[in-house]
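Each remark here refers to the structure printed beneath this line.
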Amino acid sequence: MTNILKKFWFVILVAVIFIGIIGVFINDKVSSVFTGKSVNGTDVVFEINGVNFTADEYYTNYYSGTDVMVSQLSSLLQKEIADQSITLTSDEISTYTTEAATTLKNYVSYGYDEASIQKQMKALGFTDFAEYYINSKKVDQIIQGYINEKSADLLPAFKAAQSPRSVSHILISMSDPDNPTADEKARMAAVDKALSEGKSFTDVAYDYSEDESTRVLDGKVGYIDSTDTKYDADFRAAALKLADGEVSGWVKTQFGYHLIKNDGSAFENFKGDSTFYSSVITYYKDDNLAVKALVEAGDKLTITFADNTMYDKIKAYWAGN
Amino acid sequence: MKKLIVLCVCGLLLLSGCSDKYTAVSNGSEVLMQVNNKKYTKEDLYGMAQVSNSDTFVINEAKKVLNSGVEVTEAMKAEAETEYATAIKDKVEADVLKAAGYETKEAYIENLIYPTLKEKAVVKEYVRANYDSLASTNALKKVRIIEVKTEADGNAVIAKIKAGDSFESLIQTYNQSTTYTGAEVISTTNSGANAANILPTDVATVIASYTTPQLVENVINDSSTSKMFVIQVTAASPGLFVEDGITFLSGLSTVTTAYYEVKFKEAGFKVYDKGIYDAIKAGNYSTYLNQ
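Residue numbers (my numbering), protein chains in the order written: chain A, 1 to 321; chain B, 1001 to 1291.
Structure (structure tokens):
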């Protein structure tokens, strides 16, 4: 034995040090591992006063409320219908990813906690807020596609009730529209002259309009109807009086004076405008167009539930929310 | 030597399988919903349930266990009926139940109202048993106050009180407070009192130094709110208003938290799921943990 020790002392020394390191590692690893507990083969979540509260109880109690399971599954079903029905282009994915990041940043600037938002997304079955946002755009596309498909049936009554149209405008901006200055009047006159010389409304809007956000779009304002409250009431009233292609006289609003053009009230003029679809959905709120759109898209997929009454409950839940 | 090396490697491999415990639900692979090839199982739903405020859910479930032995008294039943009536007042009862996630009034009361009433009962007993120390720690006094607009108004009020004018008449004329109506209120230095405390904490700290009932000679100016007060200490010893003091202290979240910190430790509260443990540790209930 002594001879072996003498002969292999270095190897033995290395082995002892190696075993020591392993021992420390083992001890560190075991002491840092969070240990669990199970009772009768069921995982225990917590123990208090000698009472074990199991994972099964957690699950049962969490979903014990009437609508909790329905709510959770409805969110997942909507997610799957959207993901499996709509394929976005790479441009759309890129655009929506950027929008998602901006939207999240805005929420944070309003005081919302980003970690809480992301946690909420996971609770709904999404990886993160970006996935949730992109999925919501797919849902929008399903609903818009449904409305487009049914436009011949939906639009006549909607048009008669709300006079939808797409409009453009030329603005001469004024701080006191009740008392235009000589210069402001001269700018209005320049617009009138350009139009009378045969220049198109879009060209004149680009050259003269003082609303920069629409000027760069050749004066295009976009969709408006009789329920649209985001525009000045005088502007809206004047816009709704115009026949297709007609240009108004100078209309005074709080911003100055406008020439407004009705670019057209045909469906093709505002197809794709999200404000139009929101307005149609609101008009037909009792018909739950969004639910019908999702159900129709879902009918093209194979959907099954362990609870065979669940799909009806989800449809009712969607209709009520 | 070779055997030793093999043993060490096996040990390391074994150790690599040691990992933190995350609980799983029984029959987790049961498919609840399938859309084409995408399946959502019971385990998936359990995972989502855990992400959603698991710390609050677990603590509330633990409190239910802790308070399960608390008797539902006739007074509690009556209070539950009153609370339920308030909850459904001017609303469709079925809608209220549905929004809360319950099908019946009994389930609503059992799951939403009784746990709160039981908690109130046990906290109240705790406060009663520890009233002297809690009242002292929170510097309870009973006071009447007039919130005045200016120091000059305040001095005028003090002079008039000394001249014999009634507090009520001066409240009518001078009071600026939108919440205080003139009755005695309890003052506390507990900054977590919020709505329970009408006075700013700094003002309550000044009042805490008064040991006998008296009119505070100076107008007290709270710099944080720019509010000014004329204060009459009506009861300087909490022993003179025990029941009011108990009710007041029982409503303070810091007192409730302190109660449960002790009770959870006494009850050997222990969490066996790493994710839930981390959530509690990072959240508002970290002091409830024994681990």
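In this text, a Cβ means the ideal position worked out from N, Cα and C, and glycines have one as well.
Model, not experiment: these values are computed from the prediction.
Between the alpha carbons of residue i and residue j, how many angstroms are there, rounded?
| i | j | result |
| --- | --- | --- |
| Y1259 of chain B | D1222 of chain B | 31 Å |
| I93 of chain A | I134 of chain A | 7 Å |
| I1158 of chain B | I1109 of chain B | 50 Å |
| A1282 of chain B | E1083 of chain B | 33 Å |
| S1224 of chain B | R187 of chain A | 54 Å |
| I172 of chain A | E184 of chain A | 7 Å |
| F1269 of chain B | T1137 of chain B | 27 Å |
| K230 of chain A | V1096 of chain B | 34 Å |
| A1087 of chain B | A1099 of chain B | 11 Å |
| S1058 of chain B | F46 of chain A | In the sequence on display, residue 1058 of chain B carries Val and not Ser. The alpha-carbon atoms of V1058 of chain B and F46 of chain A are separated by roughly 8 Å. |
| T1201 of chain B | S1253 of chain B | 16 Å |
| L76 of chain A | G264 of chain A | 40 Å |
| L242 of chain A | K1038 of chain B | 52 Å |
| Y1288 of chain B | A1204 of chain B | 29 Å |
| F1167 of chain B | Y1114 of chain B | 41 Å |
| L88 of chain A | Q141 of chain A | 10 Å |
| K1118 of chain B | E1103 of chain B | 22 Å |
| K193 of chain A | G111 of chain A | 51 Å |
| S278 of chain A | K285 of chain A | 10 Å |
| L5 of chain A | I22 of chain A | 22 Å |
Can you tell me whether residue i is helix, strand or coil according to DSSP?
| i | result |
| --- | --- |
| T98 of chain A | helix |
| A316 of chain A | helix |
| D153 of chain A | helix |
| Q1291 of chain B | coil |
| N3 of chain A | helix |
| L1252 of chain B | coil |
| I172 of chain A | strand |
| N288 of chain A | coil |
| E268 of chain A | helix |
| I86 of chain A | coil |
| Q162 of chain A | helix |
| N148 of chain A | helix |
| Y1285 of chain B | coil |
| Q78 of chain A | helix |
| K1160 of chain B | helix |
| E1147 of chain B | strand |
| Y231 of chain A | coil |
| N1138 of chain B | coil |
| F1269 of chain B | coil |
| G41 of chain A | coil |
| F305 of chain A | strand |
| T214 of chain A | helix |
Within a Cβ cutoff of 8 Å, which residues of the same chain sit near residue i, ignoring the five residues on either side of it in sequence?
| i | result |
| --- | --- |
| Y107 of chain A | E114 and I117 |
| Y1272 of chain B | K1021 and T1023 |
| G1028 of chain B | T1041, K1042, E1043 and Y1046 |
| E1217 of chain B | I1158 |
| Q1291 of chain B | K1270, V1271 and Y1277 |
Please list, in chain order, all residues of the same chain as residue i whose beta carbon is under 6 Å from its beta carbon, the five residues on each side excluded.
| i | result |
| --- | --- |
| I143 of chain A | A290 and A293 |
| G1245 of chain B | A1135, L1140 and P1238 |
| Y283 of chain A | F158 |
| K138 of chain A | A82 and I86 |
Can you list the residues of chain C that residue i reaches, using a CB-CB cut of under 7 Å?
| i | result |
| --- | --- |
| V1031 of chain B | Annotation note: the requested chain C is absent from the structure, which comprises protein chains A and B. |
Within its chain, find whatever has a CB closer than 7 Å to the CB of residue i; leave out the 5 residues flanking it on each side and keep chain order.
| i | result |
| --- | --- |
| S1250 of chain B | K1120, V1123, K1124 and V1127 |
| A1267 of chain B | L1066 |
| I1207 of chain B | K1141, V1143, S1187, I1231 and V1233 |
| N52 of chain A | V39 and V44 |
| K252 of chain A | P177 and D234 |
| Y1285 of chain B | D1055 and I1059 |
| E1261 of chain B | T1287 and Y1288 |
Would you mind stating whether residue i and residue j have Cβ atoms separated by less than 8 Å?
| i | j | result |
| --- | --- | --- |
| Y1046 of chain B | A55 of chain A | yes |
| T214 of chain A | H169 of chain A | yes |
| A238 of chain A | I260 of chain A | yes |
| M1048 of chain B | G125 of chain A | yes |
| A189 of chain A | Y208 of chain A | no |
| V295 of chain A | K315 of chain A | yes |
| E80 of chain A | V1035 of chain B | yes |
| T202 of chain A | G219 of chain A | yes |
| K1265 of chain B | F34 of chain A | no |
| V1219 of chain B | Q1176 of chain B | no |
| Y59 of chain A | V68 of chain A | no |
| V1025 of chain B | K122 of chain A | no |
| S71 of chain A | Q162 of chain A | no |
| I147 of chain A | V247 of chain A | no |
Identify every run of the beta strand (DSSP E) within the region 1168 to 1224 of chain B, keeping only runs that are complete inside it and at least 3 residues long; order them along the chain.
1185 to 1187 and 1220 to 1222
Threshold first: 4 residues or longer. Then list the alpha helix (DSSP H) segments lying entirely within the region 104 to 128 of chain A, N to C.
114 to 123
3-residue-minimum beta strand (DSSP E) runs that sit fully inside the region 1019 to 1075 of chain B, ordered along the chain:
For the region 1019 to 1075 of chain B, whole beta strand (DSSP E) runs of length 3 or above, ordered along the chain, are 1031 to 1035 and 1038 to 1041.
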